[in-house]
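Protein chains in written order, with full-length UniProt numbering: chain D, 1 to 610; chain U, 1 to 307.
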C-alpha cells in the first residue's frame with residue numbers, strides 16, 4: 001500500500017477522538033493522495049463521520065477532543081498539522097483547501113437563501129470576488145455539475161429543487177474554490193439509485209478534472225466497489241483493514257471485513273433460483289466470525305389458494321395546490337390504475353423510486369389513506385362492502401412496519417407496552433398475565449429477551465428496534481405485513497439478519513409480505529414476485545426471476561443498471577444515465593395516460609405495446 | 001403568497017368587526033350614561049334624561065349606534081367625550097403617539113438585548129455563560145412589573161435623582177417606563193431565542209456553513225438566525241398585543257400621557273365614547289401588527305412565499 005512516487009496530501013496519524021470520556025476513534029492511521037479516492041467504510045457507530053468532521057475540525061463544535069494524533073496536510077508552504085491550528089486558521093483552510101459534502105441533500109442547503117447566494121458566499125469569502133464576479137463563477141460551477149439552466153438556478157431556493165439537484169448544488173458549492181481534498185460523507189445514501197449513479201459519475205469526472213484527493217465515507221459496499229481506489233475499513237472506532245479496493249474485495253483479511261462483505265446483498269446473486277432463499281449469515285463472534293442459520297428455499301407461497309389480497313384498478317390522488325377559494329389546480333397522481341394480487345405466504349415486492357407511489361399503495365391497503373377509485377379485497381371481500389367492524393378487524397390482519405423504527409415506537413412507553421397494545425386493542429388475549437407471557441414469547445421470537453420488555457425504545461440499537469416493531473406487528477397474528485422500506489435504515493449486517501427473520505416468520509405462520517423497497521438487491525433475496533412502479537403505474541410485474549433476469553420494460557432495465565454492484569472488477573460505462581425522475585404532480589384536467597399491459601410470458605406483464 | 005395575504009387580510013377585517021361589536025355591546029351593559037352623568041345634579045326629570053340621551057346619540061337602537069360608530073372609524077370621528085365634551089379623535093391623536101413610541105421602545109430594547117443573549121446562551125449550552133443568562137432571565141421573569149416600576153422610581157428618581165419619576169419629556173423620560181416593561185419581556189425572549197436557536201443549530205446546513213470556513217458570527221447571525229426568525233417573529237407579534245394591555249398599568253405608574261391613561265380615566269368616568277375608541281384603536285393596532293408578521297413570514301422564508 002506504500003506508493004513512493006506520490007507523497008500524500010493528507011495523512012492521519014494515530015488519531016484518537018473522545019467525546020467526554022468516551023473514545024470514539026482510537027489510533028487511526030491513513031493517508032490519501034491527490035487524484036485518488038479513499039473510501040472509509042463501516043457501519044453506524046464505527047466513527048467514520050467523526051473522522052471526517054475531525055479532519056475539518058468541526059467535531060469540536062459538538063464537543064469532541066483529541067487526546068492524541070496528528071492530521072498532516074501538505075500546503076505550498078510545507079506540511080501543517082491541522083490539529084494544532086486554531087479555529088481562526090482552520091477557517092481559511094475549510095471550504096478553500098478542504099471541502100466537504102454531506103449526506104442529506106434535503107437539509108444541507110440553507111432553506112432561506114438562494115442557490116446563487118450560497119455558492120457565491122464561499123467565493124467572496126476565500127477568493128475575495130465581488131458579488132457579480134462570484135455569481136458569474138457560480139454559473140460556471142453549476143454547469144460543471146451539469147445542472148441545466150444554470151443562470152436561472154442561481155435565483156432558486158433549495159425547496160424548489162429535487163434531492164439530486166440539491167446534491168449537485170452542494171457539490172458545486174464544495175468545489176467552488178477548487179479544494180485539494182474533498183470529503184464526501186455518505187453523499188448518495190439518501191438518493192434514488194438512478195440519481196446516485198449520476199452523482200457518482202459527476203464526482204468521478206470532477207475529481208479527475210481537478211486532480212482532487214477524495215475521502216469518501218459510506219456504508220454501501222457497492223458504491224465503494226464503484227468509486228474507490230483504496231479502502232479503509234473501520235469497526236468500533238478502529239481501522240481493522242486497509243488496502244487497494246480490488247485486493248480488499250478479493251481477499252479480505254480481517255474477520256469483520258469478511259463479515260461485512262458477506263452480508264452485502266449482491267444483485268444477480270440469485271440468478272437461476274426460482275424461489276427466494278435463506279442463507280446462513282456470517283456474524284462477528286468476539287474477534288472471529290461464525291455462520292448462523294441454514295440454507296433453505298422459501299417455498300411458502302400458496303398459489304393454489306385464492307389470493308389473500310387483490311388490488312384492482314386502484315387510483316389514489318391528493319390535492320396539492322389550491323386557488324384562493326379552495327379550487328384545486330394541481331393534483332398528485334400517486335397511484336394510477338394499479339392491479340395486483342398477493343397470495344398467502346407470498347412476498348410481493350413493490351419497487352420504484354421517489355414519487356413512484358409505492359408507499360401510497362401500502363398506506364391505502366392499510367386504510368391510512370383513502371383510495372380515489374378502484375377496489376381492494378381481502379380474502380375475497382371487497383373493502384367497499386365491508387362494515388366498520390370488518391374494517392377494524394382488517395387492521396388486525398394487516399400490519400404495517402415503517403422505515404424508521406425509533407419514530408414508530410412511543411418514546412415514553414416501555415416496549416412491552418407497545419407490543420401488548422395491539423393484543424389489547426383487538427381483544428386477542430384476556431388477562432394481564434397471559435398477555436405478558438405472549439409479549440415475552442414474541443420478544444424471544446424476534447431474537448430479544450423477555451427482560452427487554454421493561455425497557456424504553458431509546459435503550460436499543462436500530463436493529464433491535466426494528467425487531468421490536470416486527471414483534472409488535474406479529475402480536476395480532478396478521479396474515480399480511482406491509483414492510484415499507486423496513487430495512488433501508490439498517491446496517492447491512494443487521495439487514496441480513498432481519499431478512500432471515502422475515503423469511504422464518506413467513507415459513508412458520510404463512511404470512512404474506514408486501515415488501516416496499518428501493519433496494520433491488522434486497523428485493524432479489526426476499527421476494528417471490530416483483531412489481532416495478534413508475535409514476536404511479538405498474539411498469540412491469542412478474543416472478544422475481546422474470547423481472548430481474550429478463551427485465552423487459554426500459555425503466556426496469558434502467559433501474560437495474562443503476563444499482564452499484566459490490567464488485568470492483570466490474571467496470572460500468574459512465575454517463576448512461578441522465579435526467580430527473582419526473583414528478584407525479586399534474587394540473588387538473590391533464591390526466592396521465594394509462595399504459596395497458598401485455599403478458600409476454602405466463603404471469604409476466606409489461607406496460608406498453610410493442 | 002398573494003392569496004395567503006389576502007386570506008389574512010380578510011381574517012383581520014372579520015376580527016375587527018367582531019371586536020367592535022363585542023366592545024359596543026359590552027360597554028352598554030354597564031349602565032345608562034345619561035343617569036350617570038346626572039347623578040350628582042340631584043333632581044332630574046325624565047325629559048332631561050331624554051334630552052341628554054338624544055344629545056349623546058344613545059337613544060337610537062343598538063345597531064344604528066354601532067353603524068354610526070363604524071362610520072366614525074372611517075372618518076376618524078369617534079364623537080365627543082362625556083367628560084368635558086372634547087373630541088375623542090383629538091384625545092386619541094394626542095395620546096396614541098406616546099403609547100406607540102413607548103411600546104416600540106420596549107420591543108426594540110427587548111429584541112436588541114434578547115437576541116444576542118439568547119444566541120450566546122444557545123452556543124454555550126450547559127456552560128457557565130448559559131447558566132448565568134438563564135438564571136438572570138428567570139429572576140427577571142419573576143418580577144411583577146408594577147413592583148419593578150416602583151423600585152426603579154425609588155432608586156433612580158428618589159435616591160439617585162437621575163431620572164424623572166413621571167411624565168413624557170424627552171429621551172430620558174422613556175428610560176424607566178421602557179426598561180420596566182422590557183426587562184420582563186427580555187427574560188421570556190432570551191429563553192425563546194435560546195431554545196429556537198438550539199434547534200436550528202442542529203441543522204445540517206449549519207455544519208455546512210461552518211465547513212465553508214465562515215466566521216462563527218456569520219454562521220450564527222446570517223445562517224442560523226434567519227432560520228429561527230419565524231417562531232421569534234410570531235411570538236414578538238403576539239407579545240406586542242400583550243404589551244399594549246400591560247401598558248395601561250405602567251402608564252399609570254409613570255403618569256405617561258398615553259392611551260393607557262386615557263383608557264383608565266375613561267373607565268373610571270364611564271366615558272364610553274372614549275373607551276370604545278381606545279379599545280378599537282388598540283385592537284386595530286394588534287391586528288395590523290399580526291398582519292405585518294404574516295407579511296414578514298414571506299419575506300423571511302421563501303417556502304411560504306411560493307406556497
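Virtual Cβ for every residue (Gly too), placed ideally from N, Cα, C. Owing to the predicted nature of the structure, the values given are computational and were not obtained by experimental measurement.
Query, Result
"For residue 75 of chain D, three-class secondary structure by DSSP", "strand"
"Proximal residues of chain U, C-beta to C-beta of residue 488 of chain D below 7 Å", "Per Cβ cutoff of 7 Å: no residues; residue 488 of chain D is ~19 Å from chain U at best."
"Where the segment 38-56 of chain U meets chain C: residues whose CB sits under 8 Å from a CB there", "Among the protein chains in the structure shown, which are D and U, there is no chain C."
"DSSP-derived helix/strand/coil call for residue 6 of chain U", "helix"
"Chain D residues whose Cβ lies nearer than 7 Å to that of residue 204 of chain U", "102, 104, 107 and 108"
"Euclidean distance between Cα positions of residue 523 of chain D and residue 123 of chain D", "45 Å"
"Cβ neighbours of residue 525 of chain D in the same chain (closer than 7 Å, five flanking residues each side left out)", "265, 270, 276 and 499"
"Spatially closest choice to residue 300 of chain D from D:348, D:54, D:313 and D:20, by CA coordinates", "D:348"
"Start-to-end residues for the beta strand (DSSP E) that takes in residue 374 of chain D", "373-378"
"Under 8 Å between C-beta atoms of residue 140 of chain U and residue 186 of chain U", "yes"
"Bridge-paired residues (DSSP) for residue 513 of chain D", "D:347 and D:481"
"Reduced DSSP category for residue 402 of chain D - H, G, I as helix; E, B as strand; rest coil", "coil"
"For residue 11 of chain D, the nearest candidate out of D:557, D:421 and D:31 (CA to CA)", "D:31"
"Chain D within 8 Å of residue 226 of chain U, Cβ atoms only", "yes"
"Simplified DSSP assignment, three categories, for residue 152 of chain D", "helix"
"Beta bridge counterpart(s) of residue 382 of chain D as assigned by DSSP", "D:377"
"Proximal residues of chain D, C-beta to C-beta of residue 210 of chain U below 7 Å", "58 and 61"
"Nearest-angstrom Cα separation, counted from residue 231 of chain U out to residue 202 of chain U", "16 Å"
"Buried or exposed (CB count within 10 angstroms, at least 16 for buried), residue 212 of chain U", "buried"
"8 Å Cβ cutoff, residue 295 of chain U in contact with chain D", "no"
"Per-residue burial, residue 159 of chain U [other beta carbons within 10 Å of its own, 16 or more giving buried]", "exposed"
"Nearest to residue 122 of chain U (by Cα), restricted to the options U:215, U:68, U:221 and U:72", "U:221"
"Below-8 Å beta-carbon distance, residue 214 of chain U vs any chain D residue", "yes"
"Residues that DSSP places opposite residue 241 of chain D in a beta bridge", "D:233"
"Nearest candidate by alpha-carbon position, reference residue 250 of chain U, set U:229, U:176, U:239 and U:292", "U:176"
"Cutoff 8 Å: residue 194 of chain U Cβ touching any chain D Cβ", "no"
"Spatially closest choice to residue 151 of chain D from D:141, D:159 and D:423, by CA coordinates", "D:141"
"Cross-strand partners of residue 30 of chain D (DSSP beta bridge)", "D:12"
"Residue 337 of chain D, enclosing beta strand (DSSP E) - first and last residue", "328-342"
"Chain-order list of residues whose beta-carbon lies under 8 Å from that of residue 86 of chain U (same chain, five-residue window excluded)", "80"
"Cutoff 8 Å: residue 333 of chain D Cβ touching any chain U Cβ", "no"
"Contacts that residue 96 of chain D makes with chain U (C-beta to C-beta distance below 7 Å)", "213"
"Length of the line joining the Cα atoms of residue 130 of chain D and residue 261 of chain D", "50 Å"
"CB contact below 8 Å: residue 575 of chain D versus chain U", "Confidence at residue 575 of chain D is low in this model, with a pLDDT of 49, below 50, so the placement of that residue should be treated as unreliable; the coordinate-derived value is given next. False, the Cβ-Cβ gap to chain U never drops below 8 Å."
"Other residues of its chain near residue 596 of chain D: CB distance less than 6 Å, five sequence neighbours each side excluded", "none"
"Reduced DSSP category for residue 294 of chain D - H, G, I as helix; E, B as strand; rest coil", "coil"
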